[in-house]
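Trainee: Structure in structure tokens, see below.
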């Protein structure tokens, strides 16, 4: 008799939270990204591929842009509050 073995893998969410504020620190948008995968493995969240700032906005400074555009690695089962970056409407800069 043949038997079928099924391996159940524990899956967890990897969560990345990004806050976008104006130049005065007021919250404009909060982006929460969730990906599911195997526990104890990791995923890389990549700017433009996984998220971007709202259309019509730009970063307040080069520093804000560099922080926001870094690749962020999160292990499945963890939540990472990665950064806060300041953005303004493109016409305001």
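Residue numbers (our numbering): 32 to 124.
All residues carry an ideal CB built from backbone N, CA and C; glycine is no exception.
Since the structure is predicted, the reported quantities are computational estimates derived from the model, not experimental observations.
Note down the Cα distance separating residue 93 from residue 58, rounded to an integer number of angstroms.
Mentor: Cα to Cα, the separation comes out at about 19 angstroms.
Trainee: Between the C-alpha atoms of residue 106 and residue 45, what's the straight-line distance to the nearest angstrom?
Mentor: 6 angstroms
Trainee: Would you mind working out which of 56, 42, 77 sits nearest residue 103, comparing C-alpha positions?
Mentor: 77
Trainee: Look at the Cβ atom of residue 91, then the Cβ atom of residue 54, and state whether they are nearer than 7 angstroms.
Mentor: In this structure, residue 91 places its C-beta atom within 7 angstroms of the C-beta atom of residue 54.
Trainee: Are residue 43 and residue 70 close, meaning C-beta to C-beta below 7 angstroms?
Mentor: In this structure, residue 43 places its C-beta atom within 7 angstroms of the C-beta atom of residue 70.
Trainee: Is the Cβ-Cβ distance between residue 52 and residue 117 less than 7 angstroms?
Mentor: yes
Trainee: Does DSSP classify residue 98 as helix, strand or coil?
Mentor: helix
Trainee: I'd like the span of the beta strand (DSSP E) that includes residue 106, first residue to last.
Mentor: 103 to 106
Trainee: Would you report the Cα separation of residue 73 and residue 95, rounded to the nearest angstrom?
Mentor: 25 angstroms
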